[in-house]
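Q:
Protein chains: 2
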Amino acid sequence: MSEELNTRSQDILAAIVEDYIASAVPVGSRAISRRHALKLSPATVRNVMADLEEMGFLCSPHTSAGRVPTSKGFHYYIDSLLEVRELSSAEQARLTTSYQFKGMRMEDVMQEVGRVLSGISSYTGLVLAPKFSSTVFRQIEFVRLSPGRLLVIFVSEAGLVQNKVIESKVDWSRQDLERITNYLNRTLPGLTVQEIRAQLADEVRQEQDRFDQLRKQALQLSKAALDEEIEDSVYVAGTSRMLEQPEFSSPEQMRKIFQTLESKQQLIELLDQSQAAEGVQIFIGSQSQHSSIEGCSLISSPFSGKKGAIGTLGVIGPVRMNYSQVIPIVDFTARLVSRILDRETE
Amino acid sequence: MSEELNTRSQDILAAIVEDYIASAVPVGSRAISRRHALKLSPATVRNVMADLEEMGFLCSPHTSAGRVPTSKGFHYYIDSLLEVRELSSAEQARLTTSYQFKGMRMEDVMQEVGRVLSGISSYTGLVLAPKFSSTVFRQIEFVRLSPGRLLVIFVSEAGLVQNKVIESKVDWSRQDLERITNYLNRTLPGLTVQEIRAQLADEVRQEQDRFDQLRKQALQLSKAALDEEIEDSVYVAGTSRMLEQPEFSSPEQMRKIFQTLESKQQLIELLDQSQAAEGVQIFIGSQSQHSSIEGCSLISSPFSGKKGAIGTLGVIGPVRMNYSQVIPIVDFTARLVSRILDRETE
DNA sequence: CGTTAGCACTCCGTACCGGCGAGTGCTAAC
DNA sequence: GTTAGCACTCGCCGGTACGGAGTGCTAACG
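Sequence order for the protein chains is A and B. Residues in the first sequence are numbered from 10 upward in steps of one, following this note's numbering. Residues in the second sequence are numbered from 10 upward in steps of one, following this note's numbering.
#1: What would DSSP say about residue 216/A, mapped onto helix, strand or coil?
#2: Residue 288/A CB to nearest chain B CB: under 8 Å?
#3: Out of 161/A, 287/A, 288/A, 304/A, which has the shortest C-alpha to C-alpha gap to residue 294/A?
#4: If you check the beta carbons only, do residue 251/B and residue 168/B fall under 8 Å apart?
#5: Which runs of the beta strand (DSSP E), 3 residues or longer, sit entirely within the stretch 150-193 of chain B?
#6: Is the CB of residue 325/B under 8 Å away from at least one CB in chain A?
#7: Identify every residue that forms a DSSP beta bridge with residue 310/A.
#8: Is the CB-CB distance between residue 82/A and residue 22/A below 8 Å?
#9: Looking at the unbroken beta strand (DSSP E) that takes in residue 290/B, where does it start and where does it end?
#10: Using a beta-carbon distance cut-off of less than 8 Å, what residues from the stretch 244-267 of chain A approach chain B?
#11: When Cβ atoms are compared, which residues of the stretch 148-179 of chain A fall closer than 7 Å to chain B?
#12: Would residue 114/A count as contacting chain B if we go by Cβ distances under 8 Å?
#13: Once DSSP output is grouped into helix, strand and coil, what is the label at residue 109/B?
#14: When the cut-off is 8 Å and only beta carbons count, does residue 271/B lie next to chain A?
#15: From the beta carbon of residue 11/A, is the nearest beta carbon of chain B less than 8 Å away?
#16: What residue range does the alpha helix (DSSP H) around residue 379/B cover?
#17: With DSSP as the reference, identify every bridge partner of residue 244/B, one or two as the case may be.
#18: Can you tell me the Cα-Cα spacing of residue 213/B and residue 221/B, whole angstroms?
#19: Kindly indicate which residue of 65/A, 149/A, 141/A has the alpha-carbon position closest to the one of residue 84/A.
#20: With a 10 Å radius around its C-beta and 16 neighbouring C-beta atoms as the bar for buried, classify residue 339/B as buried or exposed.
#21: Could you check the C-alpha separation between residue 243/A and residue 283/A for me, to the nearest Å?
#22: Tell me residue 77/A's beta-bridge partners as DSSP assigns them.
#23: Would residue 41/A and residue 67/A be called neighbours here (beta carbons separated by less than 8 Å)?
#24: May I have the straight-line CA-CA distance separating residue 261/A from residue 70/A, to the nearest angstrom?
#25: Helix, strand or coil for residue 11/A, going by three-state DSSP, please let me know.
#26: Just grab the DSSP bridge partners of residue 359/B for me.
#27: Ends of the alpha helix (DSSP H) at residue 267/A?
#28: Less than 8 Å between the CB atoms is what I'm expecting for residue 17/B and residue 38/B, so what's the real figure, rounded?
#29: Could you give the C-beta distance for residue 148/A and residue 152/B, rounded to a whole number, given that I count them as a contact under 8 Å?
#30: Residue 133/B and residue 247/B: beta carbons closer than 8 Å?
Structure follows, in structure tokens:
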């Protein structure tokens, strides 16, 4: 992997990658020697290109076509050659004002982030809203739907509203529910769902040899309300951007990509990968064993409020993506969203 | 519009439409005379086809290609020729069991309906959730996000959870909010949002010459919480099915269609059309001045619980859609969802 | 008079061909 | 080590030829 390349080879590789990103067609030696001020003849460039091909950074679709970077080539480019410039303050301002979050629900914010991400990058935007278990409790409410069926509404510190239906053998009266609600809303704020779960488990253990029937049931209800994971929300924006990419002209491939973009589950898996790490991460092509998005790259970054509430946002597009443009956008947006999550907390 | 066609012409038109639906290629006289037991020679069929073309039911892409039904042809076919068979009870059972609604949130139900609709029809499924103003009040909750910013959570009789953020000059205390919440939750259940709005407007009028400051503010808050429309939710499922249609091979057209499918606003307009009427409605091609979905047909039907909560669901696909299959599916599903909305109400 | 067989015609799709251009690899000279 | 030159490869493009599917028309048939 870590082959050494001399400066000239690096320059040429960079030039090829950049030309290919711009044009989507195989690039030849002439073009490189002319457009880039390398002061090298096409012949020399050809020699270097032959070496690069042998090392696996390039490949040629057929003799007498130009060269195309391989995934390995893209990798090397991104890891070693690409210089990610900071966003100029003008661009930062433009991005910041693109986001109109006034009076918006958190759900709308997530969706809007996806939209802007897609609009600015010209690729497809993805946002994975903060995981339920990582959010900080603010308020809970119960709504009795029918005997034995309860709707639980959960509001996180960041203003994210989530709800689910639970079935309970006990048919709770309005008063009982109110008591439980009040108790939970008094004791739980500030804790993450994970912490609450641990605490509830503790209490259940302590309680089990005592005989306060009502309290036992209340505990059970609380556990049911908070124990199961709530399915994560994913927001996808600008899928039609995928259709603009010349490399996806084959309807078959396009269908695969769209199926992936439609499948919440697959997207969650994809975005979860980058949850753990910090800062912008890049997944190129099928490296991520998700063969379904072969030919695609994902640039993503986690975001999070001060206390938990970890989500992921990113941009997905063809491998031939404009990394130098998109990376700072994703980075900046992730920071921006983190700030918004905090602001929401007051 | 209402030209008279003799039985033979009708038979031939029907045969052409059906063949075209099945094959997506222009159909010729040979095929008709052979496949369908009409006992007519190709030459005769040709004569009839020429007539049908003159009347505007058919057109030929060029000489020596077969004929393709025009929108007018499809219209006539659907209005006069198509016999919509009821779903057999086996199919009904299959559909019913496809829907696994146990322990699902209403949002999930809507999404699942779209998915099944798409899966069974092989086209793209659409669901427009019940409009806020048409839903019946069940419960409301306020969450204080930050000074002056309140999150309002609204649960409808059918278990649909909606929320929005309102800004209020008054910084409400927890106690005040609780009082207001209790009052609203005691007096409003059973009324539709529309009715509530009228009632609130009345009260505001009565109140304005009295001077109970707190009550005035509480009224204002309630109005703010319920007055503004909450944006409708649309669920789209199976967009990748569009890519399977041979007539949408042009990437340009495909992009337009996907942009429309991505635009909540446009979908809402589209689905709103059929809200007013009862039963299944069919919009063919660009008849609906939505030129953006040229080449597409929409089969939709409103659904509703016993009291209000009117939504729309449907299937969108190429004009060359399998109407006889899809129409009963949409019809049955709409009835099914209506029943579910009622069941939710207890 | 409606229906049918026959026939000439049209036009698409495909395959085949040859020239052009872009690009390569190799070699020899600088 | 770099470069100029050259033969070679191969995809792309335009032109042409051909087969097939389908039509419209006409004349014959019942």
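Cβ coordinates follow ideal geometry from the N, Cα and C atoms, glycine included. Computed from a prediction, not measured in an experiment: that's the story for all the values here.
A: The answer reads as follows:
#1: Here residue 216/A refers to the residue found at position 207 of the first sequence. Correct three-state label for residue 216/A: helix.
#2: Residue 288/A sits at position 279 when you count from the first residue of the first sequence. Not one chain B Cβ lies under 8 Å of residue 288/A.
#3: Sequence index remark: in the first sequence, residue 294/A carries index 285 (1-based). Considering only 161/A, 287/A, 288/A, 304/A, the residue with the shortest C-alpha distance to residue 294/A is 304/A.
#4: By one-based count along the second sequence, residue 251/B stands at place 242. By one-based count along the second sequence, residue 168/B stands at place 159. Their beta carbons are not under 8 Å apart, which means residue 251/B does not touch residue 168/B by this criterion.
#5: Complete beta strand (DSSP E) runs here, min 3: 158-165, 170-176.
#6: If you number the second sequence from 1, residue 325/B lands on position 316. Not closer than 8 Å to any Cβ of chain A, the Cβ of residue 325/B fails to qualify, so no.
#7: Taking the first residue of the first sequence as 1, we reach residue 310/A at position 301. Residue 310/A is bridged to 322/A.
#8: Reading the first sequence from its first residue, position 73 is the one you call residue 82/A. Reading the first sequence from its first residue, position 13 is the one you call residue 22/A. For residue 82/A and residue 22/A, yes; Cβs fall inside 8 Å.
#9: Counting from 1 along the second sequence, the entry for residue 290/B is found at position 281. Element bounds for residue 290/B: 290-293.
#10: When CB distances to chain B are screened at a threshold of 8 Å, the residues of the stretch 244-267 of chain A falling below it are 246, 247, 248, 249, 252, 253, 258, 260, 263, 264, 267, in chain order.
#11: Against chain B - using a Cβ distance shorter than 7 Å - the residues of the stretch 148-179 of chain A are 148, 150, 152, 154, 155, 160, 162, 164, 168, 170, 172, 173, 174, 176.
#12: Numbered from its first residue, the first sequence carries residue 114/A at position 105. With respect to chain B, the C-beta atom of residue 114/A has a partner C-beta closer than 8 Å.
#13: Within the second sequence, numbered from 1, the residue matching residue 109/B stands at position 100. Three-state DSSP puts residue 109/B in coil, outside helix and strand.
#14: The residue labelled residue 271/B in the question sits at position 262 within the second sequence. Put simply, the CB of residue 271/B is near chain A, with a gap under 8 Å to one of its CB atoms.
#15: Residue mapping note: residue 11/A aligns to position 2 of the first sequence, counting from 1. The pLDDT assigned to residue 11/A is 49, lower than 50, so where the model puts this residue is not dependable; a value taken from the coordinates is nonetheless given after this. No, no contact with chain B.
#16: In the structure displayed, chain B extends from 10 to 355; residue 379/B sits before or after that span and is not available.
#17: Mapped onto the second sequence, residue 244/B falls at position 235. DSSP lists 136/B as partners of residue 244/B.
#18: Along the second sequence, read from residue 1 onward, the residue named residue 213/B stands at position 204. Along the second sequence, read from residue 1 onward, the residue named residue 221/B stands at position 212. The alpha-carbon atoms of residue 213/B and residue 221/B are separated by roughly 12 Å.
#19: By 1-based counting over the first sequence, the position of residue 84/A is 75. It is 65/A whose Cα lies nearest to the Cα of residue 84/A.
#20: As a position in the second sequence, residue 339/B is number 330, starting the count at 1. So residue 339/B counts as buried.
#21: In the first sequence, residue 243/A corresponds to position 234, counting from 1. In the first sequence, residue 283/A corresponds to position 274, counting from 1. Rounded to whole angstroms, residue 243/A to residue 283/A spans 15 Å at the Cα level.
#22: Residue numbering aside, residue 77/A sits at position 68 when the first sequence is read from its first letter. Paired residue(s): 68/A.
#23: Here residue 41/A is taken as the residue at index 32 of the first sequence, counted from 1. Here residue 67/A is taken as the residue at index 58 of the first sequence, counted from 1. In this structure, residue 67/A does not lie closer than 8 Å to residue 41/A by Cβ.
#24: The count along the first sequence starts at 1 and reaches residue 261/A at position 252. The count along the first sequence starts at 1 and reaches residue 70/A at position 61. Cα to Cα, the separation comes out at about 20 Å.
#25: Taking the first sequence and counting its residues from 1, the one referred to as residue 11/A is at position 2. Interpretation of residue 11/A is limited by its pLDDT of 49, a score under 50 that renders its predicted location unreliable; the figure taken from the coordinates is listed afterwards. In the structure shown, residue 11/A falls within a coil segment according to DSSP collapsed to helix, strand and coil.
#26: Absent from the structure is residue 359/B, since the part of chain B shown begins at 10 and ends at 355.
#27: Taking the first residue of the first sequence as position 1, residue 267/A is located at position 258. Per DSSP, the continuous alpha helix (DSSP H) segment holding residue 267/A begins and ends at 260-271.
#28: The residue given as residue 17/B occupies position 8 in the second sequence. The residue given as residue 38/B occupies position 29 in the second sequence. Between the beta-carbon of residue 17/B and that of residue 38/B there is about 13 Å, and that puts the pair past the 8 Å contact cut.
#29: Within the first sequence, residue 148/A is the residue found at index 139, counting from 1. Within the second sequence, residue 152/B is the residue found at index 143, counting from 1. Contact annotation, residue 148/A with residue 152/B: C-beta distance approximately 5 Å; criterion of less than 8 Å satisfied.
#30: Translated into positions along the second sequence, residue 133/B becomes position 124. Translated into positions along the second sequence, residue 247/B becomes position 238. A contact, by the Cβ cut-off of 8 Å.
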